[in-house]
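Participant: Counted from 1, the sequence shown has number 111 at position 112 by numbering that gives the first Met the number 0; the numbering is strictly sequential. Every residue gets a Cβ at the ideal spot worked out from N, C-alpha and C, and that includes glycine. Structure provided below as structure tokens; questions to follow.
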Amino acid sequence: MGIKILVAAFTGLIGAALLHIVIILTLPQFTGRDAYTRVLDSGPANRFITLDDRPNAAGLANGDPFLRVAVCHFNLGAMPVRLMARGDTTFWSLAIFDGGANEVFSMTDRTSVDGNLDLLIASPVQVNRIRKTSAALLAQSILVEMPRDAGYVVLRVMVPQPSFEDAASDFLSEAACSPVAGL
0 MGIKILVAAF TGLIGAALLH IVIILTLPQF TGRDAYTRVL DSGPANRFIT LDDRPNAAGL
60 ANGDPFLRVA VCHFNLGAMP VRLMARGDTT FWSLAIFDGG ANEVFSMTDR TSVDGNLDLL
120 IASPVQVNRI RKTSAALLAQ SILVEMPRDA GYVVLRVMVP QPSFEDAASD FLSEAACSPV
180 AGL
């Protein structure tokens with residue numbers, strides 16, 4: 000009975016060691032493939048990048064035939080970022096994520112004013128400064144406080160029929176994701 004326990008323990012140790020070696024050797028293949036890193040690799044900061052049906056160099060693609068998708072990454076270290084888009088679309092949705100791919104805020108055209116996107120993303124310190132000095136900006140923009148400086152936005156527009164394609168393309172191409180100086 001004692002030899003069986005010794006063989007089982009030895010087999011378990013060898014199996015655990017092999018499993019750890021496999022994990023350590025495959026880890027580099029998985030790092031850098033998170034959503035935030037892929038959005039960073041898709042294009043420059045503070046600019047919406049429209050995704051195609053085929054994966055881009057970062058591996059991001061628009062996988063839904065009834066949606067058009069654009070992404071924008073930003074950093075609030077120096078100044079807040081304002082998101083704006085206007086147009087006649089059937090439906091749009093927006094989601095803001097931090098650098099850890101945690102959703103911070105989301106909305107649709109149904110929860111916006113007149114179906115337009117006007118949103119200001121700011122750090123906690125910037126939010127306090129905005130509330131003290133920019134009443135006019137607060138009257139027109141939705142203010143979103145980000146817990147971290149780095150993040151990204153995913154903007155989706157519905158295209159239920161081919162005749163809606165031009166409106167969706169115009170909406171995404173004119174969408175702005177730009178820093179706001181002086182706040």
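Counting only the same chain and skipping the five closest in sequence on each side, list residues whose C-beta sits under 7 Å from that of Val126.
Facilitator: Here residue 126 corresponds to residue number 127 of the sequence shown, with the count starting at 1. Cβ within range, chain order: Leu142 and Glu144.
Participant: Counting only the same chain and skipping the five closest in sequence on each side, list residues whose C-beta sits under 6 Å from that of Val153.
Facilitator: The residue given as residue 153 occupies position 154 in the sequence shown. The residues are Val70 and Ala94.
Participant: Per the contact definition of three or more C-beta pairs closer than 8 Å, is the segment 170-181 in contact with the segment 47-67?
Facilitator: At 8 Å Cβ cutoff, the stretches touch.
Participant: Please identify the residue among Thr36, Val68, Leu119 and Ala8 whose C-alpha is closest to the C-alpha of Ser92.
Facilitator: For the purposes of this step, residue 92 is taken as residue 93 along the sequence shown, with counting starting at 1. Of the candidates Thr36, Val68, Leu119 and Ala8, the one whose C-alpha sits nearest the C-alpha of Ser92 is Val68.
Participant: Short of 8 Å in beta carbon distance, which residues of its chain neighbour Phe65, apart from the five on each side in sequence? Order them along the chain.
Facilitator: Taking the sequence shown and counting its residues from 1, the one referred to as residue 65 is at position 66. Counting only Cβ-Cβ distances below 8 Å, and skipping sequence neighbours, we find Met157, Val158 and Pro159.
Participant: Between which two residues does the alpha helix (DSSP H) harbouring Ala167 extend?
Facilitator: In the sequence shown, the residue the question calls residue 167 occupies position 168. It spans Glu164 to Glu173 - the alpha helix (DSSP H) in which Ala167 sits, taken as one unbroken run.
Participant: For a quick check, are the C-beta atoms of Leu82 and Ala149 less than 9 Å apart?
Facilitator: On the sequence shown, residue 82 is found 83 positions in, with the first residue counted as 1. On the sequence shown, residue 149 is found 150 positions in, with the first residue counted as 1. No.
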